[in-house]
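Numbering (the numbering used here), first residue to last: 148 to 268.
A virtual CB, placed ideally from N, CA and C, is assigned to each residue, including glycine.
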Amino acid sequence: MGLISTILIALTALLHLGFLVLEMFLWTRPEGRSVFRMTVEQAEATRVLAANQGLYNGFLAAGLFWSLLQPEASFAFELKVFFLVCVIVAAIYGAWSVKPRILLIQGGPAIAALVFVLLAS
148 MGLISTILIA LTALLHLGFL VLEMFLWTRP EGRSVFRMTV EQAEATRVLA ANQGLYNGFL
208 AAGLFWSLLQ PEASFAFELK VFFLVCVIVA AIYGAWSVKP RILLIQGGPA IAALVFVLLA
268 S
């Protein structure tokens, strides 16, 4: 269970690093506009908001990586639960406010990771 939860947490963190890159650096480029199906005008108008959102995704990734590197087991557990729940809440809000698919893309790996973290404890 522990190895599976570690892999799922790492996957969730890597996804959030990818979201950071997409939202902070690729938002107005063809790659970013394609992912979010935006016109050049829409991308330019929301560029600053997207960069801010990307930064928050970077913080989530950092917290998840921290939870994997924390040597003290009980504190690592608390970090894992906290940051995974943060990701899940963000995914629920994104699904409600933007697109339901966000729950699967952003929340799916985090939900699976949280289940395995709790089963391994």
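field: Assumed close pair isoleucine 156, leucine 211 - CB separation to whole angstroms, cut-off 8 Å
entry: Here residue 156 refers to the residue found at position 9 of the sequence shown. Here residue 211 refers to the residue found at position 64 of the sequence shown. Yes, isoleucine 156 and leucine 211 are in contact; Cβ-Cβ is about 5 Å, under 8 Å.
Contiguous alpha helix (DSSP H) assignments of at least 4 residues, all confined to the segment 203 to 249: Secondary structure in the segment 203 to 249: the alpha helix (DSSP H) runs of 4 residues or longer, each lying completely within the stretch, are 220 to 244 in chain order.
message: Rounded to whole angstroms, what is the Cα-Cα separation between serine 175 and valine 187?
response: Locating residue 175 in the sequence shown gives position 28, where the first residue counts as 1. Locating residue 187 in the sequence shown gives position 40, where the first residue counts as 1. This sequence places threonine at residue 175; serine is not what is there. The straight-line gap from Cα to Cα measures roughly 7 Å.
message: Give me the residue from Pro256, Val195, Ala220 with the minimum Cα distance to valine 236.
response: Residue mapping note: residue 236 aligns to position 89 of the sequence shown, counting from 1. The residue with the shortest Cα to Cα distance from valine 236 is Pro256.
- prompt: What are the start and end residues of the alpha helix (DSSP H) that includes glycine 254?
  reply: For this step, residue 254 is matched to residue 107 along the sequence shown. Glycine 254 -> no alpha helix (DSSP H), and no H or E assigned at all.
query: Do you know whose CA, among Val262, Glu225, Val234, lies nearest glycine 205's CA?
result: Counting from one through the sequence shown, the residue named residue 205 turns up at place 58. Of the candidates Val262, Glu225, Val234, Val234 places its Cα closest to the Cα of glycine 205.
Residue span of the alpha helix (DSSP H) that contains threonine 159, given as start and end: Taking the first residue of the sequence shown as 1, we reach residue 159 at position 12. Its alpha helix (DSSP H) spans residues 149 to 171.
query: Is the segment 217 to 233 in contact with the segment 184 to 201, if contact means three or more CB pairs nearer than 8 Å?
result: No: fewer than three Cβ pairs fall under 8 Å.
Proline 218 to leucine 265 span [Cα, whole Å]: As a first step, residue 218 must be located in the sequence shown, where it is residue number 71. As a first step, residue 265 must be located in the sequence shown, where it is residue number 118. Distance between the alpha carbons of proline 218 and leucine 265: 18 Å.
message: Please tell me whether leucine 173 and glycine 165 are closer than 7 Å, where the distance is taken between their beta carbons.
response: Numbered from 1 along the sequence shown, position 26 holds the residue referred to as residue 173. Numbered from 1 along the sequence shown, position 18 holds the residue referred to as residue 165. The answer is no: Cβ separation not under 7 Å.
field: Which listed residue (Ser181, Leu167, Phe224, Pro177) has its alpha carbon closest to that of leucine 196
entry: Here the question's residue 196 lines up with position 49 in the sequence shown. Looking at the Cα atoms, Leu167 is the closest of the given residues.
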